[in-house]
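Chains as they are written, first to last, in our numbering: chain D, 249 to 447; chain P, 14 to 98.
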């Protein structure tokens with residue numbers, strides 16, 4: 249069987265979708281941190297470390313938790329391939345402020361530890377005990393061709409039989425997460441046209 | 014000393030993003046690491062910065078840190094005896 253999108257999750261504009269259906273919506277126009285805190289509580293994630301994460305990790309962990317908690321076949325070999333445009337610039341700015349003279353030059357270790365986008369992969373892997381291939385790529389825009397090539401190659405070479413991939417973008421309160429699981433099972437055809445439609 | 018303990022609890026909750034906690038949830042003798050508040054190594058670095066930045070105490074000996082960061086009680090005791098700010 250060909251590779252298909254078997255499950256997907258979107259988080260954007262104060263709303264969470266699973267397989268295209270709205271499953272959480274906040275009427276108030278909250279900023280990202282307030283909104284994602286409500287998402288965390290609403291889906292009873294019970295992972296106190298969540299509060300310590302930077303915005304990019306919070307978005308990636310919230311999206312993958314909503315997705316993976318509804319996917320019964322997660323195994324430790326699931327590969328994770330993420331991408332975005334702004335890398336981890338959101339927390340980089342906070343870190344820069346923390347080492348500026350205005351703050352007496354004290355860096356915050358809690359901020360510094362998140363100044364790499366692939367920390368988001370680590371947080372997801374720790375939470376779901378994944379010991380698989382993972383990579384985080386930075387592109388100017390959502391790049392379906394690349395995700396299709398990479399994922400198809402991983403499954404084709406039998407490195408894994410399931411991949412969670414997608415786009416996890418956040419910068420200054422503007423955010424968009426689109427995470428999906430690809431597997432050789434019945435689902436939505438894994439092609440560029442569908443990915444551009446689903447994001 | 015009671016005021017200092019309250020101040021420390023507030024600083025720890027803020028610096029370590031313990032968002033589900035209030036100062037009433039932390040007892041003076043609760044272990045800060047392991048089975049107590051469950052703080053980790055990054056949190057330990059944040060505590061070292063609090064000592065330096067807010068109380069003018071520079072810690073250089075990690076063994077000393079272990080004793081000082083046992084609880085709010087031990088932290089407050091050490092700060093009151095060694096603070097330069």
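Backbone N, C-alpha and C define an ideal beta-carbon position, used for all residues, glycine too.
What you are looking at is a predicted structure, and each value in this text was computed from that prediction instead of being measured.
Item	Value
CB contact below 9 Å: residue 361 of chain D versus chain P	yes
Residue 66 of chain P at chain D interface by Cβ criterion, 9 Å	yes
Beta-bridge partners of residue 328 of chain D, as assigned by DSSP	D/382, D/412
Any chain D beta carbon closer than 9 Å to residue 33 of chain P	yes
Backbone CA spacing between residue 348 of chain D and residue 354 of chain D [nearest angstrom]	8 Å
Beta bridge counterpart(s) of residue 430 of chain D as assigned by DSSP	D/253, D/411
Residue nearest to residue 346 of chain D in terms of C-alpha spacing, selected from D/413, D/356, D/426	D/356
Where residue 97 of chain P sits in the DSSP three-state scheme	coil
Pick from P/89, P/94, P/26 that is closest to residue 42 of chain P, judged by C-alpha positions	P/89
Same chain, Cβ closer than 6 Å to residue 82 of chain P, five either side skipped, listed in chain order	45, 60
Cross-chain neighbours of residue 58 of chain P in chain B, by beta carbon under 7 Å	The structure shown contains no chain B; the protein chains it does contain are D and P.
Per-residue contacts from residue 354 of chain D into chain P (C-beta, under 7 Å)	62, 66
For residue 54 of chain P, the first and last residue of its enclosing alpha helix (DSSP H)	54-68
Chain D contact for residue 55 of chain P (CB, 9 Å cutoff)	yes
7 Å CB neighbourhood of residue 305 of chain D in its chain, flanking five on each side removed	362, 367, 368, 371
Closer than 9 Å to chain D by CB, residue 45 of chain P	no
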